[in-house]
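**Q** Under the UniProt record's numbering, the residues of the sequence shown are numbered 1 to 413, in order.
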Amino acid sequence: MDRIKKVDDEVYKILSEELKRQQENIILIASENYVSLAVLQTQGCIMTNKYAEGYSEERFYQGCKYYDEIELLAINRAKKLFGAEYVNVQPHSGSQANMAVYFAILNNNDKVLSMKLDHGGHLTHGLKQNFSGRYYRWAFYGVSKKTEMIDYDDVLKIASKFKPKLIVCGASSYPRIIDFEKFRKIADRCGALLMADIAHIAGLIVGGVHPDPVPYCDFVTTTTHKTLRGGRGAIIMCKKKYANLIDGAVFPGLQGGPLMHEIAARAVAFKEALTVAFKKYQQNIVKNSKVLANELLNNNIRLISGGTDNHLMLVDVLPLGLNGKKAAEILEEAGIIVNANQIPFDKLPPTLTSGIRIGTPALTTRGMGEKEMIDIANWISQLLRQPSNKKLQKAIKVKVNKLCARFPIYRNL
Ligand code: DSN
1 MDRIKKVDDE VYKILSEELK RQQENIILIA SENYVSLAVL QTQGCIMTNK
51 YAEGYSEERF YQGCKYYDEI ELLAINRAKK LFGAEYVNVQ PHSGSQANMA
101 VYFAILNNND KVLSMKLDHG GHLTHGLKQN FSGRYYRWAF YGVSKKTEMI
151 DYDDVLKIAS KFKPKLIVCG ASSYPRIIDF EKFRKIADRC GALLMADIAH
201 IAGLIVGGVH PDPVPYCDFV TTTTHKTLRG GRGAIIMCKK KYANLIDGAV
251 FPGLQGGPLM HEIAARAVAF KEALTVAFKK YQQNIVKNSK VLANELLNNN
301 IRLISGGTDN HLMLVDVLPL GLNGKKAAEI LEEAGIIVNA NQIPFDKLPP
351 TLTSGIRIGT PALTTRGMGE KEMIDIANWI SQLLRQPSNK KLQKAIKVKV
401 NKLCARFPIY RNL
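1) Kindly list the residues whose CB is nearer than 6 Å to the CB of Tyr51, restricted to its own chain and excluding five residues on each side of it in sequence; keep chain order.
2) Less than 7 Å separating the Cβ of Ala199 from some heavy atom of ligand 1?
3) Ignoring anything shorter than 4 residues, give me the alpha helix (DSSP H) runs that lie fully in the segment 195-276, in order along the chain.
4) For a test of your reading of the model: does the CB of Gly94 fall under 7 Å from any non-hydrogen atom of ligand 1? Yes or no.
5) Counting pairs of beta carbons, one from the segment 170-188 and one from the segment 303-312, are three or more of them closer than 8 Å?
6) Determine the extent of the alpha helix (DSSP H) in which Phe162 is found, giving its start and end residues.
7) Are Met373 and Leu297 closer than 8 Å when you measure CB to CB?
8) Got a list of residues with beta-carbon closer than 5 Å to any non-hydrogen atom of ligand 1, in chain order?
9) Tell me the residue span of the beta strand (DSSP E) that contains Ala377.
10) Using a 10 Å radius around the Cβ and a threshold of 16 neighbouring Cβ atoms, would you call Asn108 buried or exposed?
11) Can you give me the start and stop residues for the beta strand (DSSP E) that Met115 sits inside?
12) Does DSSP put Ala139 in a helix, a strand or coil?
13) According to the Cβ coordinates, are residue 424 and Gly120 closer than 8 Å?
14) Can you have a look at Ala84 and say buried or exposed, based on whether 16 or more other CB atoms are within 10 angstroms of its CB?
15) Report the rounded CA-to-CA distance for residue 465 versus Ala234, giving the unit in angstroms.
16) What would DSSP say about Met313, mapped onto helix, strand or coil?
17) Are the beta-carbon atoms of Asn25 and Cys404 separated by less than 8 Å?
18) Quick check on Asp306: does DSSP put it in helix, strand or coil?
19) Just verifying my parser: in three-state terms, what is the DSSP assignment at Glu148?
20) Classify Asn339 as helix, strand or coil using the three-state DSSP reduction.
21) Answer yes if the segment 94-101 comes into contact with the segment 218-225, meaning at least three C-beta pairs across the two stretches below 8 Å, and no otherwise.
22) Which first and last residues belong to the alpha helix (DSSP H) in which Ile330 is found?
23) Applying the criterion that 16 or more other CB atoms from any shown protein chain within 10 Å of the CB defines a buried residue, is Leu363 buried or exposed?
24) At which residues does the alpha helix (DSSP H) containing Arg189 begin and terminate?
25) Is Arg176 near ligand 3 - that is, is its Cβ less than 7 Å away from at least one heavy atom of it?
26) Per DSSP, which residues does Leu193 bridge with? Please list them.
27) Looking at Val268 and Val7, is the spacing between their C-beta atoms short of 8 Å?
28) For Ile198, which option in Ile246, Met260, Lys5 and His125 has the closest C-alpha, if you only look at C-alpha atoms?
29) What first and last residue would you give for the alpha helix (DSSP H) that runs through Lys105?
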């Protein structure tokens, strides 16, 4: 960062502090990760200097030879990674990827079925205030009150009655396996198209530790920066017959110039994700998640659905006399970073919530394993049981700093 320091000391100072924050804290936000230095450097590459509106060999600007090469590389690697028939790598974000699928196949007021937000869904899956909730008519499925897992019979009942044009499966805070094959059967029974938003679990799918949606879904969207461990952005996968519709919805439908430096970084991340080491990394994420969850359960902490199958878990903090916001703030005092999250049937608003969401992708990238997960679960349990104990918060923060020092993130930035 020497050059940044020379040119802009203020930005340099902020970045240095943020680097320290990322190094010295235990990051348990389920949607965050640390990219490799190669991805980081590619994000700052010279491809930021050019417009490349359009697609390979159909650009609206001259001088795009190398941009075509990079984009094709990213596309071919993504195809190989997921076994997808067709991939568009241009969406700037997950929201835009979802929007592009909706714009490609739906008209205003068409009917869509998705998972309720407080049961694990996402803003772009029909929230009233989101573009999705404003343009289309939504019905929602959720988890069963008893098991806190998706009840596929109930999904079928709702789908048969509502007759949606599209069913959206996939979630941002669901700790269990999603059965895409069952969703396909439901979609076929009611004549709907099927889209999976796998933003959270894309890496797990590549690693073979979560079932694969690609054979069952017409469309699959994912961000690239969560378990997939690339830079921020998204891709859309689809059956070949939808390729033109999807491409047109992304450009010129929703976006102008693609962020080619980000697409270059996506290509690098996909190469990394094609390795055996990446598969092992995904297995370790799930292993760590299960160890952490079990240790929380040993401490009599209530987890939604009683545990986890994937990279995340949801803690119900109400029995501890807390709300999610307060719990997240207490943990942050000790250097443990989580986010407040609504839990199924939550009575508190999203600004307070009854839960916290905990995920293991970032710590697993740092190389932490079983022993560290057990320590962290015990620290979380102690902190949540003694919310006013400032001395405890300080003492655990010292332990957190020591632990983080043993697992450095970026050297020589
Ligand atoms: N905001 C993301 C998350 O934290 O899960 C989803 O897009």
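Where is the CB? At the ideal position from N, CA and C, for every residue including glycine.
**A** Answer, in terms of the structure:
1) Cβ contact annotation for Tyr51 (same chain, cutoff 6 Å, sequence separation greater than five): Tyr61 and Gly257, in chain order.
2) yes
3) 202-206, 243-248 and 260-273
4) yes
5) yes
6) Tyr152 to Phe162
7) no
8) Selection output, chain order preserved: Ser31 and Ser172.
9) Premise fails: Ala377 lies in the alpha helix (DSSP H), Glu370 to Arg385, not in any beta strand (DSSP E).
10) exposed
11) Lys111 to Met115 is the extent of the beta strand (DSSP E) around Met115.
12) strand
13) The structure shown does not extend to residue 424, since the chain spans only 1 to 413, so no value can be given for it.
14) buried
15) The structure shown does not extend to residue 465, since the chain is modelled only from 1 to 413, so the question has no answer here.
16) strand
17) Contact: yes.
18) Asp is not the amino acid found at residue 306; the sequence shown has Gly there. Gly306: helix per DSSP, three-state reduction.
19) coil
20) strand
21) Yes, since at least three Cβ pairs between the segment 218-225 and the segment 94-101 fall closer than 8 Å, the two stretches touch.
22) Gly324 to Glu333
23) By the Cβ neighbour-count rule, Leu363 is buried, with 16 or more other Cβ atoms within 10 Å of its own.
24) Boundaries of the alpha helix (DSSP H) harbouring Arg189: Phe180 to Cys190, taken from the DSSP string.
25) Judged by which ligands are present, ligand 3 is missing from the structure shown, whose ligands are ligand 1.
26) Leu166
27) no
28) His125
29) With the sequence shown as reference, residue 105 is identified as Ile, and Lys is not the correct amino acid for it. Start and end: Gly94 to Ile105.
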